[in-house]
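First comes the structure, then the notes that go with it.
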Amino acid sequence: MGTDQSGDRERAMTDRTTIDRTSHLELEQHEKTFLDSNELIINMGPQHPATHGVLRVILKLDGEKVLGTECVIGYLHRGVEKIAEHRTYTMFNPYVDRMDYVAAVSNGLGYCEAVEKLLNVEAPRRAQYIRVILTELNRLASHMLWLGTHALDIGAITPLFYTFRDREEILKIFEKYCGARLTTHAFRIGGCSYETYDGFEREVKKFLDFVTPKIDEYEELLTTNRIWVERTKDVGKISARECIALGVTGPVLRASGVKWDLRKAQPYAAYSDFDFEIPVGQNGDTYDRYIVRMQEMRQSLRIIDQAIGKIPDGPIMAKVAKVMKPPVGEIYHSIEAPKGELGYFIVSDGSTQPYRVRVRPPSFVNLQALDMMVRGALVADVIAVIGTLDIVLGEVDR
Amino acid sequence: MISRLKGQHGSGIREANTYLGQEYIVADSSLIPELLQVLRDQEKFDYCVDITAVHYPDREKQFEVVWILYSFPRNERIRVKASYAETESVPSAVPIWPAANWLEREVFDMFGIRFHGHPDLKRILLPDGWKGHPLRKDYGIIQQDQEWVQINLGIESGQ
Numbered sequence: 001m002g003t004d005q006s007g008d009r010e011r012a013m014t015d016r017t018t019i020d021r022t023s024h025l026e027l028e029q030h031e032k033t034f035l036d037s038n039e040l041i042i043n044m045g046p047q048h049p050a051t052h053g054v055l056r057v058i059l060k061l062d063g064e065k066v067l068g069t070e071c072v073i074g075y076l077h078r079g080v081e082k083i084a085e086h087r088t089y090t091m092f093n094p095y096v097d098r099m100d101y102v103a104a105v106s107n108g109l110g111y112c113e114a115v116e117k118l119l120n121v122e123a124p125r126r127a128q129y130i131r132v133i134l135t136e137l138n139r140l141a142s143h144m145l146w147l148g149t150h151a152l153d154i155g156a157i158t159p160l161f162y163t164f165r166d167r168e169e170i171l172k173i174f175e176k177y178c179g180a181r182l183t184t185h186a187f188r189i190g191g192c193s194y195e196t197y198d199g200f201e202r203e204v205k206k207f208l209d210f211v212t213p214k215i216d217e218y219e220e221l222l223t224t225n226r227i228w229v230e231r232t233k234d235v236g237k238i239s240a241r242e243c244i245a246l247g248v249t250g251p252v253l254r255a256s257g258v259k260w261d262l263r264k265a266q267p268y269a270a271y272s273d274f275d276f277e278i279p280v281g282q283n284g285d286t287y288d289r290y291i292v293r294m295q296e297m298r299q300s301l302r303i304i305d306q307a308i309g310k311i312p313d314g315p316i317m318a319k320v321a322k323v324m325k326p327p328v329g330e331i332y333h334s335i336e337a338p339k340g341e342l343g344y345f346i347v348s349d350g351s352t353q354p355y356r357v358r359v360r361p362p363s364f365v366n367l368q369a370l371d372m373m374v375r376g377a378l379v380a381d382v383i384a385v386i387g388t389l390d391i392v393l394g395e396v397d398r
Numbered sequence: 001m002i003s004r005l006k007g008q009h010g011s012g013i014r015e016a017n018t019y020l021g022q023e024y025i026v027a028d029s030s031l032i033p034e035l036l037q038v039l040r041d042q043e044k045f046d047y048c049v050d051i052t053a054v055h056y057p058d059r060e061k062q063f064e065v066v067w068i069l070y071s072f073p074r075n076e077r078i079r080v081k082a083s084y085a086e087t088e089s090v091p092s093a094v095p096i097w098p099a100a101n102w103l104e105r106e107v108f109d110m111f112g113i114r115f116h117g118h119p120d121l122k123r124i125l126l127p128d129g130w131k132g133h134p135l136r137k138d139y140g141i142i143q144q145d146q147e148w149v150q151i152n153l154g155i156e157s158g159q
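Those sequence lines, one after another, are chains G and L.
The first sequence begins at 1 in the numbering used here and counts up one residue at a time.
The second sequence begins at 1 in the numbering used here and counts up one residue at a time.
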C-alpha cells in the first residue's frame, strides 16, 4: 500500500501531460528553488475543511513558499442562469437564495429590486424598511459565520462557538418571519409577502441589546490576541489599485482604503434614510479586513436600530400583476451584499420568462485575487487568505 | 460624455441611449478594442463590473457581448454592447482590466465565444472535456454531455 502510494505520487509529479492539462502553472518558467529542490505541485481540496466548500486550489510550492496557485471551480455548478430562462420571474425567485446561501436575503433583495425596476414598480415604504432590517440582520449573520470559520481555520476555536450561538438568534427571527432559516425567500417582486409577526420590533430590539456586547466579546478574543495578530498582519496584502483592477469589491476593497459602498454610492431600498459610516482599512491585509468586517457589524446594528423604531405603516406589496410581463428591455441592478457587489443583469423579451439572467457574483470575482494575494506567502497563509476573502462556493459556481 | 464619444467615433457608435435611467452604448464590433481603451483611460471607467453575453439565434450575428463598466471617480455605470457572429472572436479585455480574465472564461464556457489575446482561455465552471455550451438557446435545459457523464462518473445518465 505504502509503496504504491509513493509510486503514484512520483508519477503524478513527473507525468507532464496530466499536469499540463490541469494547470497553467507548469507552463511558466521554472524559478530557482531553495536548495535546488524540486518544485512541488500539490492539490488542496475540493474536499478540504478550510476551503469553505468545494474549492480546489492547485499549489506550486518551493518548500513552504507558494510560487503560484490555480483555482479549479465549478464543482457546485447548477446552471442557475439556464434555469432562469425556463422559469417565470416569480418562479425563479427562490432559486437565487441558493447561490450565496449564508446571505440568502441579500440575494433575494437584489433580484426582486432588479425585476421591480424592469417592471417600473416600487416597493412600498413599509416593505423597504422590512427589507433593510432583514438584509442587515443577514449581513450580520453572514459576517458572524465568516468570523467563526475564519478564526477556526487559523486555529482559534472559541469564536466559532460564540458566533454560531449568536447567529442562531438571527435565524430564529428569520424563522418566525418567514418559516425558513437559511434559504428564506423572504421577499417577493413588488414588496414582501409576509407582514411582520406580533412582537417583531420587540424581538429585534431585544436581539440588538443582546448582540452588541457580544461583538465586543469577539473582539476581546481576537483583536489584540498575539497569535491572531501574527497570523493576520501583513498576510495576503492587496492594494487599492490592485483591488480595482481585479474588480474586487466589498470589505476586501474597503480594507485597502477605498471608501466605497453601494449602499452609499448608489443607494437602493431605504438606505438613504439612515445614518451609518463606511469603515475602511489602510493596509489591505487580513487583519484590516477583519477590523473592517467587525466595524461593519456594528454599523449594521446601527442601521437596524434606526429602522426598527420607525417602520412606516401601510401596505407591504405594490400593485403587480399576477402574471408578470416586463416590457422588452434590459436592466443591471446591483446591491452591496455582505461579500461585495452582487449584480443582476436581466434581459426581458416581453414574455413571462426572462430571456437571460446574468448574476454578477462577488465571490467569483473576488476569488480571482487569491493567486495575487498568496504568491510568495506560506502554505498556511493560503488558508488565511481563502478565509479572509469570504467566499461561498454556491455563489462562485452558481 | 456620450456626445464626446460620438464626436470621436461617430459612425462606430450605432446607438447611445438611456433605458430606465441606465446608459448604454451599442457599438460596431470593429470599434470595441479602441472604445474600451478610451473608456478606461479618458473617461475613467476603471472598474470592469461584468462581462457577459446574450444569445439571439435568429439574428445574423448571434451573440451580443455586454461589458458593464463602473467609474469610481464619476460614480457612473455604463453598458457597452456589440454583436458577434459565431465564427468571430472578441478582443480580450484582460490587458485593460485584469478582472476580465475569469469573466471571459465563463463567457467562453457558457457560450463558446472565443476571446483573442486572452492569456489562458479555457473552461472554468464545466469540466475541460465537456461538449457543448449550455447558455446557448439551442442547448436544452436537461441536455447533458452523456458521453462525459458515462466515462467520468461511471453512471448511465445524470438525470
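A virtual CB, placed ideally from N, CA and C, is assigned to each residue, including glycine.
Keep in mind the model is a prediction, meaning the values are calculated, not measured.
For Tyr24 (chain L), the uninterrupted beta strand (DSSP E) run begins and ends at Gln22 to Ala27, by DSSP. In terms of CA proximity to Leu208 (chain G), G:Leu140 leads the group G:Thr352, G:Gly110, G:Leu61 and G:Leu140.
At a cut-off of 8 Å between beta carbons, Phe111 (chain L) makes no contact with chain G.
Under the DSSP assignment, Val94 (chain L) falls outside any alpha helix (DSSP H); it carries neither an H nor an E label. Between Gly247 (chain G) and Val49 (chain L), the C-beta spacing is below 8 Å. Using a C-beta cut-off of 8 Å, the segment 162-180 of chain G makes no contact with the segment 290-297 of chain G, since fewer than three inter-stretch Cβ pairs fall below that distance. Beta-bridge partners of Thr69 (chain G) (DSSP): G:Leu59.
Nearest C-alpha to Ser106 (chain G) among G:Val365, G:Val385, G:Pro361 and G:Ala380: G:Pro361.
For Val347 (chain G), the closest Cβ of chain L is nearer than 8 Å. When beta bridges are read from the DSSP output, Phe63 (chain L) appears opposite L:His55 and L:Tyr84.
The beta carbon of Leu35 (chain L) sits closer than 6 Å to the beta carbons of Ala27 from its chain, once the five residues preceding and following it are set aside; these are given in chain order. Secondary structure at Phe92 (chain G): helix, using DSSP grouped into helix, strand and coil. In this structure, the straight-line span from the alpha carbon of Glu23 (chain L) to that of Met1 (chain L) is close to 11 Å.
Taking C-beta separations shorter than 8 Å and ignoring five residues to either side along the sequence, the partners of Tyr95 (chain G) in its chain run Val80, Ile83, Ala84 and Arg87, following chain order. In the DSSP assignment, Arg356 (chain G) falls outside any alpha helix (DSSP H) and lies within the beta strand (DSSP E) extending over Arg356 to Arg360. Take Gln62 (chain L), set aside five residues on each side of it, and the residues of its chain with a beta-carbon closer than 7 Å to its own are His55, Tyr56, Ala85 and Glu86, in chain order. Assignment of beta-bridge partners to Ser71 (chain L) by DSSP yields L:Glu76.
The beta carbon of Asp273 (chain G) sits no closer than 8 Å to any beta carbon of chain L. The alpha carbon of Tyr47 (chain L) has as its nearest neighbour, out of G:Pro338, G:Ile244, G:Val54 and G:Leu253, the alpha carbon of G:Ile244. Lys82 (chain G) reaches chain L at Pro134, Leu135 and Ile141, counting residues in chain order whose Cβ is nearer than 7 Å. Between Tyr75 (chain G) and Asp397 (chain G) a beta carbon distance of about 6 Å is seen, short of the 8 Å cut, so the two are scored as contacting. In the DSSP annotation of this structure, the continuous segment of the alpha helix (DSSP H) that includes Ala151 (chain G) starts and ends at Arg125 to Ile154. Note that the segment 159-174 of chain G touches the segment 130-150 of chain G; at least 3 beta-carbon pairs, one per stretch, sit closer than 8 Å. Distances from the CA of Leu119 (chain G) to each of G:Ile386, G:Ala369, G:Gly340 and G:Val320 were compared; the closest alpha carbon is that of G:Val320. Under the three-state reduction of DSSP, Ser300 (chain G) is assigned to helix. Under the three-state reduction of DSSP, Asp261 (chain G) is assigned to coil, being neither helix nor strand. Under the three-state reduction of DSSP, Val49 (chain L) is assigned to strand. For Ile173 (chain G), not one C-beta of chain L is nearer than 8 Å to its own C-beta.
Contact between the segment 202-221 of chain G and the segment 304-311 of chain G is established, with three or more Cβ pairs separated by less than 8 Å.
Between His77 (chain G) and the set G:Gly108, G:Val323 and G:Met99, the nearest pair of CA atoms involves G:Met99. By the rule that beta-carbons nearer than 8 Å mark a contact, Phe364 (chain G) touches chain L.
Close to Ala265 (chain G), with beta-carbon spacing below 7 Å, are these residues of chain L in chain order: Asn75. Nearest to Ser348 (chain G) by C-alpha distance, out of G:Val328, G:Glu341, G:Val365 and G:Pro338, is G:Val328. In this structure Thr184 (chain G) touches Asp97 (chain G) by the C-beta definition: roughly 6 Å separates them, less than 8 Å. Using a Cβ distance threshold of 8 Å, Leu145 (chain G) and Ala151 (chain G) do not count as a contacting pair.
Between Ile189 (chain G) and Glu116 (chain G), the CB-CB gap stays under 8 Å.
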